[in-house]
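The numbering used here numbers the first residue of the sequence shown as 44 and each following residue consecutively.
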Amino acid sequence: MFQRVIFVVFSLVFAVSLLGAQNAKEDPVWEEFCLKGEFDLGWRYQGLKPEAGEFYPAEWCVISSKDSPNVRYSGKAYSNPDSESHFTVLYLPPNTVQIVNEGPQPDLLFEGAIIGAESQMIKRLDPRRLAEDVQANPGWVVSRSGNGMIDVRFPGSLFVSTVSIVDSRASSFYTDVDLPLRGRVRAVWEWKSEGEDHGEKAVLTVDGTVIFRASSTRRVLSAEEVTKVFEPAEDEPEPISIPGKAWPSRIAMRVDTVETGVHIIRNVRTGFHHLVVETAKGLVVADAPAGWVEMNQLPASDLVPGMGISGLSEAFIDFLGGHFPGTSVRSVVLTHAHDDHAGGARAFAASGAEIYAPKGSSNFLQISLNRKEMPVDRLSMAGRKATITPVDGRFTISDQYRPVEALTLGPNPHVNAMLGVFLPKQKILFVSDIHVPGSDSPSPPEDRSKSECWFANWAVKNLPQETRIFNSHSQVVTTVELMDKWTASAVCRR
Ligand SMILES: [Zn+2]
Numbered sequence: 044m045f046q047r048v049i050f051v052v053f054s055l056v057f058a059v060s061l062l063g064a065q066n067a068k069e070d071p072v073w074e075e076f077c078l079k080g081e082f083d084l085g086w087r088y089q090g091l092k093p094e095a096g097e098f099y100p101a102e103w104c105v106i107s108s109k110d111s112p113n114v115r116y117s118g119k120a121y122s123n124p125d126s127e128s129h130f131t132v133l134y135l136p137p138n139t140v141q142i143v144n145e146g147p148q149p150d151l152l153f154e155g156a157i158i159g160a161e162s163q164m165i166k167r168l169d170p171r172r173l174a175e176d177v178q179a180n181p182g183w184v185v186s187r188s189g190n191g192m193i194d195v196r197f198p199g200s201l202f203v204s205t206v207s208i209v210d211s212r213a214s215s216f217y218t219d220v221d222l223p224l225r226g227r228v229r230a231v232w233e234w235k236s237e238g239e240d241h242g243e244k245a246v247l248t249v250d251g252t253v254i255f256r257a258s259s260t261r262r263v264l265s266a267e268e269v270t271k272v273f274e275p276a277e278d279e280p281e282p283i284s285i286p287g288k289a290w291p292s293r294i295a296m297r298v299d300t301v302e303t304g305v306h307i308i309r310n311v312r313t314g315f316h317h318l319v320v321e322t323a324k325g326l327v328v329a330d331a332p333a334g335w336v337e338m339n340q341l342p343a344s345d346l347v348p349g350m351g352i353s354g355l356s357e358a359f360i361d362f363l364g365g366h367f368p369g370t371s372v373r374s375v376v377l378t379h380a381h382d383d384h385a386g387g388a389r390a391f392a393a394s395g396a397e398i399y400a401p402k403g404s405s406n407f408l409q410i411s412l413n414r415k416e417m418p419v420d421r422l423s424m425a426g427r428k429a430t431i432t433p434v435d436g437r438f439t440i441s442d443q444y445r446p447v448e449a450l451t452l453g454p455n456p457h458v459n460a461m462l463g464v465f466l467p468k469q470k471i472l473f474v475s476d477i478h479v480p481g482s483d484s485p486s487p488p489e490d491r492s493k494s495e496c497w498f499a500n501w502a503v504k505n506l507p508q509e510t511r512i513f514n515s516h517s518q519v520v521t522t523v524e525l526m527d528k529w530t531a532s533a534v535c536r537r
């Protein structure tokens, strides 16, 4: 009897351990790694002022497994002082990526996208995955030095990066990044382990300044949670399929003519629309879109890898040259100093255009656009510099047929110095991020109410009644009449 019990117990233990071994082989272990802390929008030129020290809460999470290429990346962070953004992206290599929308809104499925290198890069936000990736790919290693530092060239990266690995985790990571208004600068990640089974303290320093500091957490997901992450729930709507070439941001420029000689160039990249006015002395353009940058191991942002800092504005200018033959760009008006709106100004300087900017940020732009760290572009090839003309109050770029005014909007919830572009004859105003209407509803969206109500009040006070208002990030055209309704709405009267 006793022997029989022993045998049963032994068999059970054997069976359970066998099961465990099989599980380990068949089911990869999925971990969620999160960094929760604060990110410096001022340093990244997305804050109120273009200077370091304007920290906002930020959280990035990566769900990944050592044994699968799939990655889920989600974030909650401020993209500007006046807008918090949430996002979830599922990377399903080799060629599918999905934007996961909460609630009844269907997901967006980009099929045929080239995402192998990008998904691996996202995975490497977790320093354990970074170490595994380097150790599993000896072909990426360029050299090893005696002090344990490993030089690596990741697929798809311009740069050789250096990593040190301690106890199967990266403890530091050095790389170069190309950033608009800053140029090619050093980025350093450091992770200090808080002991086994605890997280790390993560610090990101760029160009000598701490721009992100966070604590990490790590946990193993249950099988049920993994299923939820990678398989849609039954009641979810079918995702909308989008061609992969639209990922992550598509250039599909087209001209929408709104009045004789007045145009909105749509989709300079996804969600970027620019005003272009034909004058007797050439084109006047609103805003110089930032080139796309190397984001090697930098946290998520609205800048997208590829094309270099000046490349997108260079492509924009080439497009204008093709569409308006024989007409050059006379001026570009930078609405504000955020990197996505002003970062491409070097391309306009190279084409011979005047550059106007709000007085409050013109010194900053004068210095930052001419930093010696700028990678090679048309301006550096021409051996020239960008010169900024400050605008205070109301300035007219004169023209006998179509005068264009740069109007100072002043400090607001989005940024401390801002211009709008106004056509007094046509009564058209172009503004950027302070006004991004999602619809022509009689009240502004709650989550953008600070900026929208500020702008509505400004518009009612400063614009002629019949003015039509165009903006850089949506296709909705609004009126002063509507702005008047917004100022009276419950959202703005609070
Ligand atoms: Zn902005």
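In this text, a Cβ means the ideal position worked out from N, Cα and C, and glycines have one as well.
- Query: Given Tyr-116, which residues of its chain have a CB within under 6 Å of its CB, disregarding the five upstream and five downstream residues?
  - Reply: Cβ within range, chain order: Val-105, Val-132 and Ile-165.
- Under a three-way DSSP split, which group does Ser-404 fall into? Per DSSP, reduced to three states, the secondary structure at Ser-404 is helical.
- Message: Spatial neighbours of Ala-295 within its chain, please: C-beta separation below 6 Å, excluding the five flanking residues on both sides.
- Response: The residues are Asn-310.
- Item | Bridge partners - Lys-119, DSSP secondary structure assignment | Looking at the DSSP output, Lys-119 bridges to Glu-102 and His-129.
- Message: Just list the residues that DSSP pairs Ser-107 with in beta bridges.
- Response: Looking at the DSSP output, Ser-107 shares a beta bridge with Glu-74 and Val-114.
- Between the beta-carbon of Ile-208 and the beta-carbon of Val-231, is there less than 8 Å? No, the Cβ-Cβ distance between Ile-208 and Val-231 is not below 8 Å.
- Message: If we require 4 or more residues per run, which alpha helix (DSSP H) segments fall completely within the region 229 to 286?
- Response: Complete alpha helix (DSSP H) runs here, min 4: 266 to 273.
- Item | Under 8 Å between C-beta atoms of Pro-170 and Glu-243 | Taking 8 Å as the Cβ cut-off, Pro-170 and Glu-243 qualify as a contacting pair.
- Query: From what residue to what residue does the alpha helix (DSSP H) around Gln-163 run?
  - Reply: Run containing Gln-163: 159 to 166, per the alpha helix (DSSP H) assignment.
- Message: Could you check whether the region 315 to 331 touches the region 373 to 385, counting it as contact only if at least three pairs of C-beta atoms, one from each stretch, sit closer than 8 Å?
- Response: Three or more beta-carbon pairs drawn from the region 315 to 331 and the region 373 to 385 are found closer than 8 Å, and the two stretches are therefore classed as touching.
- Item | Proximal residues to Gly-304 (C-beta, below 7 Å), its chain only, five neighbours per side dropped | Val-320, Glu-321 and Arg-445.
- Query: Excluding five sequence neighbours on each side, which residues of the same chain lie with their C-beta closer than 7 Å to the C-beta of Ala-531?
  - Reply: Taken in chain order, the list of residues that qualify is empty.
- Query: Taking the C-alpha atoms as reference points, what is the distance between Ser-404 and Ala-460?
  - Reply: The C-alpha of Ala-460 is placed about 6 Å away from the C-alpha of Ser-404.
- Item | Distance, Ala-502 Cα to Pro-124 Cα | The C-alpha of Ala-502 is placed about 21 Å away from the C-alpha of Pro-124.
- Task: State buried or exposed for Met-526, treating a residue as buried only when at least 16 other CB atoms are found within 10 Å of its CB.
- Result: Burial of Met-526 is indicated by the presence of at least 16 other C-beta atoms within 10 angstroms of its C-beta.
- Item | Any heavy atom of ligand 1 within less than 5 Å of residue CB: hits in chain order | Result: His-381 and Asp-476.
- For Arg-16, I'd like the list of residues in its chain whose CB is within less than 6 Å of its CB, leaving aside the five on either flank, ordered along the chain. Lying before the first or after the last residue shown, residue 16 is absent from the chain, which here runs from 44 to 537.
- Query: CB Glu-509 to CB Lys-470, shorter than 8 Å?
  - Reply: When the beta-carbon positions are compared, Glu-509 and Lys-470 come within less than 8 Å of each other.
- Task: Select from Ala-156, Asp-221 and Val-269 the residue whose C-alpha is nearest the C-alpha of Val-27.
- Result: Outside the shown range of the chain, which is 44 to 537, sits residue 27, and nothing can be said about it.
- Taking DSSP as the reference, what is the three-state secondary structure of Met-526? When DSSP states are grouped into helix, strand and coil, Met-526 belongs to the helix group.
- Does the beta-carbon of Val-263 have 16 or more other beta-carbons within 10 angstroms, so that it is buried, or is it exposed? By the beta-carbon neighbour count (other beta carbons within 10 angstroms, threshold 16), Val-263 is exposed.
- Item | Any non-hydrogen atom of ligand 3 closer than 7 Å to Ala-329 Cβ | This structure lacks ligand 3; its bound ligands are ligand 1.
- Query: Val-447 to Ser-107, Cα distance in whole Å?
  - Reply: Taking the straight line joining both Cα atoms gives about 52 Å.
- What separation, rounded to the nearest whole angstrom, lies between the Cα atoms of Phe-273 and Ile-398? When only Cα atoms are considered, Phe-273 and Ile-398 end up about 48 Å apart.
- State yes or no: is the C-beta of Ser-482 within less than 8 Å of the C-beta of Val-519? Their beta carbons are under 8 Å apart, which means Ser-482 touches Val-519 by this criterion.
- Using the C-alpha atoms, what's the distance from Asp-476 back to His-516? Their Cα atoms are separated by approximately 7 Å.
- Message: Looking only at its chain, what residues have a beta carbon closer than 8 Å to the beta carbon of Ile-360, apart from the 5 residues adjacent to it on each side?
- Response: Answer for Ile-360: Val-372, Ala-390, Phe-391 and Ser-394, listed in chain order.
- Item | Rounded separation between Asn-66 and Pro-198 - CA only | Note that Asn-66 has pLDDT 48, beneath the 50 cutoff, so the model's placement of it is unreliable and no number is given.
- Message: Taking the alpha helix (DSSP H) that Gln-178 belongs to, which residues open and close that run?
- Response: Its alpha helix (DSSP H) spans residues 170 to 179.
- Item | Gln-443 burial status per 10 Å Cβ neighbour count (16 or more: buried) | Counting C-beta atoms within 10 angstroms of its own C-beta, Gln-443 has fewer than 16 neighbours from the protein chains shown and is therefore classed as exposed.
- Going by DSSP, name the residue or residues bridged to Ser-374. Answer by DSSP bridge pairing, in chain order: Val-327 and Glu-397.
- Message: Just to confirm my understanding: we take Gly-351, look at its own chain, exclude 5 residues before and 5 after, and list those with CB closer than 8 Å. What are they?
- Response: In its chain, beyond the 5 residues on either side, Asp-221, Gly-334, Trp-335, Val-336, Pro-418 and Asp-420 have a beta carbon closer than 8 Å to the beta carbon of Gly-351.
- Message: For a test of the three-state rule: what should DSSP assign to Ala-449, helix, strand or coil?
- Response: The DSSP-derived three-state label of Ala-449 is strand.
- Query: Quick one, are the C-beta atoms of His-457 and Asn-514 less than 8 Å apart?
  - Reply: With contacts defined as CB atoms closer than 8 Å, His-457 and Asn-514 fail to qualify as a contacting pair.
- Message: Measuring alpha carbon to alpha carbon, tell me which residue in Lys-119, Ser-494, Leu-466 and Pro-488 is nearest Pro-507.
- Response: Answer by Cα proximity: Leu-466.
- Message: Between Pro-480, Thr-439 and Gly-349, which has its C-alpha nearest Glu-495's C-alpha?
- Response: Nearest to Glu-495 by alpha-carbon distance, out of Pro-480, Thr-439 and Gly-349, is Pro-480.
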